Each structure stands twice: as C-alpha cells, then as structure tokens.
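What follows is a single structure, written as structure tokens, with notes after it.
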Amino acid sequence: MKLKIYSGKQIKMNIKEQVWIPVILLIGFFLAFPVAELLMMGNWFGMNYTYDQIQILYENLWKDGFLRTGVAITVIAALLNSVSEFWYLYSSKKVDFYHSIPVKRFRMFFSRMFTGIIFFAGPYLLMEFLTVCIGAMRGCFSLHLMKLAFYMFLIHLICYLLVYFAIVLVICITGNFLMGGLCFVGVFLYGPVLSSLITGYEETYFRTYARMLYGVCKVLKRDVSPLFLGNELVDKYSQGELKGFLFPVLCVVLVLTAASFFAYIKRPSERTGGALIYPFTQVVIRILVVIPTGLGTGLFFSLFPENTSSRDAWEIFGLLVGVILSYSLLEIVYQMDFRKIYVHWVQLILCGVLAILMAAGFKTDVIRYDRYFPKSGQVEMISWNGVNMESSDYAEEKADGRYVIGTNNVEAMIDLGNSEDLLQAVKKAADRTYKNIKNNVGKEDLEESGRMVTFGFTMNSGTTIYRNYIVDSQILKDILQAAYREGDYKKDRYSILNIESKYLFSITGIFGDGVYTTLWERDKEKRTEFLEALRQDILEADAEVLTGQPCGKLYLSFGQIPQERTPDNMVPDGREFLSGAGGMVYMFPQFSRSLSLLEEEEDLSISLQDVDVESADVVFDLSEDATVLSDPVQYTGKEELTELKNILIPPELVPEWETFNSPWADLTLNIRGKEAVEGWAIRPGEKTPEFILLDQERAQEGILGENESEDSTDLTTNLEDTTDTEVMDIYE
Numbered sequence: 001m002k003l004k005i006y007s008g009k010q011i012k013m014n015i016k017e018q019v020w021i022p023v024i025l026l027i028g029f030f031l032a033f034p035v036a037e038l039l040m041m042g043n044w045f046g047m048n049y050t051y052d053q054i055q056i057l058y059e060n061l062w063k064d065g066f067l068r069t070g071v072a073i074t075v076i077a078a079l080l081n082s083v084s085e086f087w088y089l090y091s092s093k094k095v096d097f098y099h100s101i102p103v104k105r106f107r108m109f110f111s112r113m114f115t116g117i118i119f120f121a122g123p124y125l126l127m128e129f130l131t132v133c134i135g136a137m138r139g140c141f142s143l144h145l146m147k148l149a150f151y152m153f154l155i156h157l158i159c160y161l162l163v164y165f166a167i168v169l170v171i172c173i174t175g176n177f178l179m180g181g182l183c184f185v186g187v188f189l190y191g192p193v194l195s196s197l198i199t200g201y202e203e204t205y206f207r208t209y210a211r212m213l214y215g216v217c218k219v220l221k222r223d224v225s226p227l228f229l230g231n232e233l234v235d236k237y238s239q240g241e242l243k244g245f246l247f248p249v250l251c252v253v254l255v256l257t258a259a260s261f262f263a264y265i266k267r268p269s270e271r272t273g274g275a276l277i278y279p280f281t282q283v284v285i286r287i288l289v290v291i292p293t294g295l296g297t298g299l300f301f302s303l304f305p306e307n308t309s310s311r312d313a314w315e316i317f318g319l320l321v322g323v324i325l326s327y328s329l330l331e332i333v334y335q336m337d338f339r340k341i342y343v344h345w346v347q348l349i350l351c352g353v354l355a356i357l358m359a360a361g362f363k364t365d366v367i368r369y370d371r372y373f374p375k376s377g378q379v380e381m382i383s384w385n386g387v388n389m390e391s392s393d394y395a396e397e398k399a400d401g402r403y404v405i406g407t408n409n410v411e412a413m414i415d416l417g418n419s420e421d422l423l424q425a426v427k428k429a430a431d432r433t434y435k436n437i438k439n440n441v442g443k444e445d446l447e448e449s450g451r452m453v454t455f456g457f458t459m460n461s462g463t464t465i466y467r468n469y470i471v472d473s474q475i476l477k478d479i480l481q482a483a484y485r486e487g488d489y490k491k492d493r494y495s496i497l498n499i500e501s502k503y504l505f506s507i508t509g510i511f512g513d514g515v516y517t518t519l520w521e522r523d524k525e526k527r528t529e530f531l532e533a534l535r536q537d538i539l540e541a542d543a544e545v546l547t548g549q550p551c552g553k554l555y556l557s558f559g560q561i562p563q564e565r566t567p568d569n570m571v572p573d574g575r576e577f578l579s580g581a582g583g584m585v586y587m588f589p590q591f592s593r594s595l596s597l598l599e600e601e602e603d604l605s606i607s608l609q610d611v612d613v614e615s616a617d618v619v620f621d622l623s624e625d626a627t628v629l630s631d632p633v634q635y636t637g638k639e640e641l642t643e644l645k646n647i648l649i650p651p652e653l654v655p656e657w658e659t660f661n662s663p664w665a666d667l668t669l670n671i672r673g674k675e676a677v678e679g680w681a682i683r684p685g686e687k688t689p690e691f692i693l694l695d696q697e698r699a700q701e702g703i704l705g706e707n708e709s710e711d712s713t714d715l716t717t718n719l720e721d722t723t724d725t726e727v728m729d730i731y732e
C-alpha cells in the first residue's frame with residue numbers, strides 16, 4: 001500500500017488528476033517568458049538598435065524583466081499548488097479517509113510538496129528553455145545568459161517556497177475556510193499594516209521622527225510578509241545586492257517549512273471544522289489582532305479634536321472601542337456562538353490595559369526616542385538631507401569618457417563623514433531640538449524655529465537610524481565646516497565641475513548689484529578659462545572660505561553630455577545618449593583666479609558700490625503676521641543711499657548658513673541702467689540704519705494710534721489712497 005501510494009507512479013496519477021494546474025502554469029509562463037521576449041525583441045529590432053545594444057538590453061531582460069513577469073506566475077503557482085494539495089484538511093470526511101491510510105504523515109506531506117514543486121518546475125523550465133532557444137535564434141546566446149537563466153530559476157523557486165509554505169502553514173493551523181481566509185490575509189498583510197501603525201504613532205508623538213523607513217518598521221513592512229519578502233529578494237538580485245540577503249531568506253524558508261511540517265504531522269483530526277486547530281494560537285492571534293486594532297482606532301479618533309485637552313480622552317475612547325469590537329468579532333469567529341463573546345473577559349481586560357499602556361508609552365516617550373543620540377565610536381557614517389544649498393546635479397566621469405549624471409534630489413541622503421567634530425556639531429542640533437521639546441514647544445513652532453534637517457546615522461553594525469533636528473545658521477555652519485574638512489563631502493558637493501569644459505553651455509551670475517548677467521555668451525574660450533580657474537579656486541579653498549559670505553552666485557549649465565550606457569538610456573542606431581546637467585556655485589572673495597577674470601568685464605558690477613543707485617523704496621510691516629503693509633517709503637538722499645549701499649546684499653547671496661536679516665517687508669533699489677532683484681537684505685554682521693528704524697517705528701505708531709480711535713477707519717485702506725506727504729502727516 002505504501003509503495004503504491006507514495007511512488008513515482010502515484011505522482012503521475014496526481015498529475016493526471018490535477019492536470020489543469022500545470023496547464024494553467026504552462027500558459028502563464030509562456031506569456032511571462034517567450035511572449036514577453038518576442039515582444040521586446042521585436043521592438044528592439046524594429047527601432048534599429050545595434051547588435052551590441054541588443055545584447056545589453058537582452059541581458060537586462062534576464063536580470064530584471066523576466067524576474068518581474070515570472071514572479072507573478074510563481075505566486076499563482078504557489079497558491080494553486082498549496083490549496084489543491086492541502087485543502088482537504090478542511091473536510092472531516094477526507095481527513096478521516098487520508099489519515100486512516102497506514103502511511104506516516106511525513107510521507108504524505110513530502111509527497112504533496114514534491115508534487116507541487118513538479119507542477120511548478122516542469123512548466124517553468126520548459127518555457128525558460130524555449131525562451132533561451134528564441135534568443136539563440138536571434139543571435140543572443142552565451143554561457144553567461146545560461147547562468148542568468150539558472151539564477152533566475154533559483155530566485156523564483158525561493159519565492160515559490162516562501163509563498164507555498166506560508167499558505168500550507170495557514171491551512172494546517174486553521175480548521176475552516178473562514179478562519180483560513182482571514183489568516184491568509186493576515187499572513188501577507190499583517191507586517192505592512194503594523195509597520196504603518198507604528199509609523200503613525202511615531203510621527204504623531206515623536207518630535208524628531210524622520211519619514212524614513214528603517215529598523216523595526218522596515219523589517220515589518222518588507223520582511224515579515226512572504227509576498228513582500230519575495231519581492232525584496234527579486235529587487236536585491238536585480239540590483240546586484242543579493243549577497244548578505246540570500247542567507248536570511250533561506251532561513252525563513254526553512255522555518256516556514258519546519259513549522260508547516262510539524263503543524264501538519266501533529267494536527268489533531270478531531271478538531272477539523274473549528275476555527276483554529278491548536279488552542280494556544282487563539283491567544284496569540286487574539287493579542288496580535290486586538291491590541292493593534294485598538295491602537296489604530298485610538299490614533300484615528302485622536303486626529304479629529306482640535307483641542308489638545310480633549311484629544312487624550314477621545315484617543316482612549318477610540319482605543320477601547322477598537323479593542324472591544326475586534327475582540328468581540330474574533331470571539332464570534334472562534335466560538336461560532338454569540339453567547340460566548342466574553343467568555344475570556346480577563347484576556348479582553350488585559351488587551352485593553354496593554355493597548356492603553358502602549359499608547360501612553362508613545363505619548364510619554366518611554367523609550368527616549370527624542371532624547372537618543374548615538375555615542376562616539378558607534379557611528380560609521382553621518383548623512384543628511386533637507387539642505388539644498390548649492391542645487392547641483394551629481395556628475396561622475398567614467399573611464400570611457402562617459403558620465404553618470406544624477407539629478408539633484410532634496411530628499412536624497414548625502415554622506416557627510418564620521419569625524420568627531422561633525423558628530424559634536426550634529427549633537428548641538430540634537431540638544432537644541434530636545435531643549436525646545438522639553439519646553440513644550442509645539443511641533444509647528446518647533447519647525448518654524450529653524451531649518452528642519454533629516455540626519456542619518458549608519459552604525460558600525462550596519463543599521464541606519466534617522467532623526468529630524470532643527471538647526472540654526474551657526475549650527476549649520478559648524479556642520480558644513482566639519483564635513484568640508486573631511487574632504488569627501490566637498491568632492492561630492494562640487495562634482496558638477498568634473499564635467500569637461502567642452503560641454504559647458506552657459507554661465508549666469510548674480511553679484512553684489514543684484515542683477516542677473518549671462519557671462520561670455522559668445523566666447524566659449526573665456527567660459528572654459530573661467531571654469532578652470534573656478535575649479536582651482538574651489539580645490540584650494542578651505543572649510544572657512546566655503547562657509548563664508550558669498551560675493552556672487554553662479555548658475556552653470558552643461559549640455560550634450562554622453563551618459564554611461566545602461567538599458568534605461570539606450571538610443572537606437574547606436575547613437576550616444578546625450579543629456580544636460582546644471583548646478584549652482586557660490587563665489588567667495590577668496591576666489592582670486594575666477595574673480596580676476598570677472599573684473600575684466602566692463603559691464604559687470606561685482607559690488608553694489610560700483611553702480612549708481614538712484615533711490616530705494618522700502619515697505620514696512622504694520623502687523624506681526626505681515627498681513628498689513630505700509631505704502632513704499634522712498635529714499636533719495638545721498639547719505640541715506642550711501643549707507644544702504646554699504647550694508648545691503650541681494651537675497652540670493654544670503655546662504656543657508658547665514659541669517660537672513662530683513663527688518664522691512666520689502667526693499668527695492670532703483671539702479672541706473674539696470675534691473676535689480678527685489679527683497680534686499682542686510683549683510684551679515686551689519687546693523688540696520690537709524691533712519692530705517694525711525695521710519696519703521698513711525699509707521700507702527702501710526703497704525704497703533706489709528707486702532708485706538710473708535711471713529712477711524714482702517715489705516716491700511718487710507719494709506720493705499722494717499723501720497724507720501726499725506727502719509728507722513730498721518731504719522732505726525
């Protein structure tokens with residue numbers, strides 16, 4: 001009996017009985033591999049790609065394209081095979097029949113498992129072989145491609161086993177279709193949903209929370225669900241980062257295999273038809289479902305009240321509602337009897353208390369999330385984002401003369417270094433942020449007190465921790481100086497200058513006169529000479545120079561740059577993929593080489609002292625929220641204009657590491673023969689002129705005096721219809 005049932009002949013009989021499964025999978029893999037290949041190669045030949053280009057595209061198809069199409073069919077194969085082989089466990093009659101056969105259960109388990117693998121591997125390998133043959137007929141064949149085909153099969157086989165054994169485990173521990181379906185959804189979605197819940201609480205209660213996926217939340221979202229874990233495995237292989245990730249995935253496969261195996265062989269037949277086969281799983285699932293549900297509903301209810309004092313009460317109310325409802329529904333599924341909803345009322349109370357304690361833990365920051373800062377010696381690399389000081393594309397030249405161009409992205413993390421000075425500078429930002437938190441500064445007020453910057457700390461263990469800190473201009477300058485001293489940050493920040501001069505398209509600058517000027521528009525040799533001088537100046541500049549007060553700002557534009565050949569930027573007919581790049585660079589007074597070239601230009605004014613300012617128009621704020629403004633007050637006196645010229649600077653020349661000092665709402669300079677920018681600021685280190693302060697005080701006193709009169713109308717409305725002389729009369 002044993003040899004007949006569990007032999008190759010019996011597997012053949014199973015294939016005949018369930019022939020529809022391999023047929024469906026054969027069609028699926030036919031569409032995923034050969035059909036997709038014919039479509040892609042038809043497009044390539046039709047677009048006149050060269051032979052070398054097609055080889056690159058075809059190799060990438062095996063590394064990425066077939067992985068994506070094949071994994072979808074692989075998941076379907078795992079679902080069909082697992083359900084068809086083990087669904088009988090939900091039928092008492094079939095369980096009694098199969099388990100009455102004088103064959104050990106482990107033989108039954110592995111027989112069904114091997115049948116499923118044959119159903120998957122047979123159609124897969126057949127269609128993969130056909131795909132290789134089609135490629136060989138089109139001139140695309142090599143031992144390297146055969147190796148890629150073998151690796152792809154292994155990746156898809158691992159994905160198949162992940163999903164297959166996860167479903168088998170669900171079937172083995174559940175007793176009916178209802179509970180099986182619920183657990184099926186839970187196995188594949190519980191991790192991502194719980195990750196989102198924790199993220200929501202962190203964002204709500206932790207002031208230094210950065211919207212970056214890492215740590216426990218990253219593991220829950222990507223690695224707990226077999227489906228998401230398989231997808232990450234495919235991504236890692238496609239990106240060439242599989243090393244170090246494959247072993248943990250194989251361990252997960254072994255754990256799922258062992259768990260489903262023991263759940264099957266130990267499964268008591270008499271419990272078939274109930275919700276869960278093993279009683280202890282009821283408690284585990286109850287805790288895993290009820291507490292997060294309560295936390296989720298509590299967080300949801302806390303978002304509505306605008307009054308902070310009532311928010312806590314609504315959160316507790318929502319939390320208890322979620323706990324009671326989820327517990328009740330779960331007990332109905334467990335017991336199949338409304339009268340036994342609260343039979344385990346002690347567990348209900350325990351879940352409610354635990355949910356409240358967890359919510360309180362987030363609110364009071366028991367884990368010291370906001371206070372945490374890594375110790376010296378634990379950090380391998382510090383990175384940041386949120387500071388777009390010199391908005392430049394990243395450029396790297398390859399050995400063949402082509403370039404890798406990376407578009408500037410404010411959200412990208414940029415490595416700063418790991419020096420002790422840098423760590424201490426970042427710690428100043430952390431201490432400043434935590435001090436504001438202790439003083440109960442609101443989240444919005446906290447963000448308004450400085451620039452919000454996300455810092456990443458890559459630890460020696462390989463993990464990365466992210467925090468948001470508020471930095472002021474001085475802290476920002478300290479961080480930049482420490483980063484520049486290490487050298488690598490300077491190289492990356494000015495990588496746009498690595499592009500050869502022959503690709504330089506234009507240079508636009510703004511200097512002390514506040515006028516945008518296109519430099520050497522028709523003189524390519526001069527632009528090339530200037531770029532070489534600028535490179536040398538930046539190379540010799542130290543950290544103090546690069547964080548000083550700029551005297552100008554340059555916008556560099558490059559074009560017709562040949563990019564490194566990748567499958568994403570292939571151009572038909574073997575032509576080069578040409579792109580552009582741009583960047584912004586500050587000019588500093590210490591840049592002697594490049595400034596000497598600029599000073600040779602007669603029409604260019606480096607300093608505001610070099611131009612004739614005819615008048616200055618100043619608009620003052622008459623309210624704290626800057627919603628009420630005065631009419632422009634014009635200054636034409638020689639002494640007043642001279643004093644303004646000595647202290648004013650265009651807003652474009654106020655870098656992020658300096659404080660933007662503007663005691664007025666707006667200041668516009670009327671320069672003879674030029675059109676300057678608006679919104680001038682006071683140069684760092686300079687003071688506001690006395691006549692400006694006096695007129696500002698007069699303007700504010702005028703609006704206050706008008707508000708004190710009950711019979712007067714709004715002064716702002718009156719000011720819009722009056723002359724400057726009438727305005728001064730009102731002030732007096």
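Take the sequence shown: its letter number 695 is residue 695 in the UniProt record's numbering, and every next letter is one higher. Even glycine gets a Cβ: it sits at the ideal position worked out from N, Cα and C. If you're wondering where the values come from, they're calculated on a predicted model, not measured in any experiment.
Identity of the residue in the options nearest residue i by Cα
| i | options | result |
| --- | --- | --- |
| Ala258 | Gln560, Phe109, Tyr98 and Glu128 | Phe109 |
| Gln335 | Asp617, Leu597, Gly175 and Glu601 | Gly175 |
| Ile198 | Tyr151, Val216, Asp370 and Ser269 | Val216 |
| Phe153 | Pro632, Val71, Arg207 and Ala482 | Val71 |
| Tyr516 | Pro650, Arg467 and Leu354 | Pro650 |
| Asn661 | Val185, Tyr160, Glu686 and Arg672 | Glu686 |
| Met127 | Pro22, Phe188, Gly200 and Ile173 | Pro22 |
| Arg698 | Leu644, Val619, Asn646 and Leu641 | Val619 |
| Gly377 | Ile291, Lys363 and Asn418 | Asn418 |
| Leu354 | Trp384, Ile465, Thr293 and Glu396 | Thr293 |
| Trp549 | Thr659, Ile158 and Glu85 | At residue 549 the sequence reads Gln, which differs from the Trp that was named. Comparing Cα positions, the closest option is Thr659. |
| Phe505 | Thr69, Gln560, Glu203 and Glu564 | Gln560 |
| Cys351 | Tyr151, Val333 and Val290 | Val290 |
| Cys172 | Ala136, Arg105 and Tyr205 | Arg105 |
| Ile510 | Ser596, Ile606, Met41 and Tyr190 | Ile606 |
| Asp621 | Gln700, Lys221 and Leu31 | Gln700 |
| Thr463 | Glu564, Ile134, Met212 and Gly274 | Met212 |
| Leu694 | Trp664, Pro684, Leu319 and Phe114 | Trp664 |
| Val471 | Glu652, Trp657 and Phe577 | Trp657 |
Cβ-Cβ distance between residue i and residue j below 8 Å
| i | j | result |
| --- | --- | --- |
| Ser225 | Leu67 | no |
| Asp513 | Leu648 | no |
| Asn81 | Tyr164 | yes |
| Val426 | Ile382 | yes |
| Tyr568 | Asn48 | For the record, residue 568 in the displayed sequence is Asp; it is not Tyr. No, the pair does not count as a contact, with Cβ atoms beyond the cut-off. |
| Ile56 | Leu25 | no |
| Asn460 | Glu529 | no |
| Ile134 | Glu37 | yes |
| Arg222 | Leu229 | yes |
| Tyr160 | Ala78 | yes |
| Ala616 | Leu644 | yes |
| Ile465 | Tyr214 | yes |
| Asp322 | Gly361 | Here residue 322 is Gly; the residue named in the question, Asp, does not match the sequence. Against a cut-off of 8 Å, the Cβ pair of Gly361 and Gly322 comes out as no contact. |
Presumed contact (8 Å Cβ cut-off) between residue i and residue j, rounded CB distance
| i | j | result |
| --- | --- | --- |
| Ile316 | Ile356 | 7 Å |
| Ile538 | Leu519 | With 8 Å as the limit, Ile538 and Leu519 do not qualify as a contact, their Cβ atoms being about 17 Å apart. |
| Met584 | Ser309 | No, Met584 and Ser309 are not in contact; Cβ-Cβ is about 47 Å, not under 8 Å. |
| Ser579 | Ile405 | 6 Å |
| Pro102 | Phe29 | So it is not a contact: roughly 38 Å between Cβ atoms. |
| Thr558 | Ile499 | Checking the sequence, you will find Phe at residue 558 rather than Thr. That pair is a contact at about 5 Å. |
| Leu227 | Val346 | Their Cβ separation, rounded to whole angstroms, is 36 Å, which puts Leu227 and Val346 out of contact at 8 Å. |
| Pro374 | Phe457 | 5 Å |
| Ala543 | Arg485 | 5 Å |
Is it the case that the region 528-544 contacts the region 669-676, given that we only count it when at least three CB pairs across the two stretches are under 8 Å?
no
Length at least 4, wholly inside the region 25-96: the alpha helix (DSSP H) runs in chain order
36-46, 51-60 and 66-86
The region 414-429 in contact with the region 471-489 per 3-pair CB rule at 8 Å:
yes
Is there contact here, the region 81-91 with the region 227-242, by at least three beta-carbon pairs under 8 Å?
no
Which whole runs of the beta strand (DSSP E) in the region 315-394 are 3 residues long or more, in chain order?
379-385
Could you pull out every unbroken beta strand (DSSP E) segment of at least 3 residues lying fully inside the region 151-236, listed in chain order?
none
Unbroken beta strand (DSSP E) runs of length 3 or more, entirely within the region 463-503: which are they?
464-471
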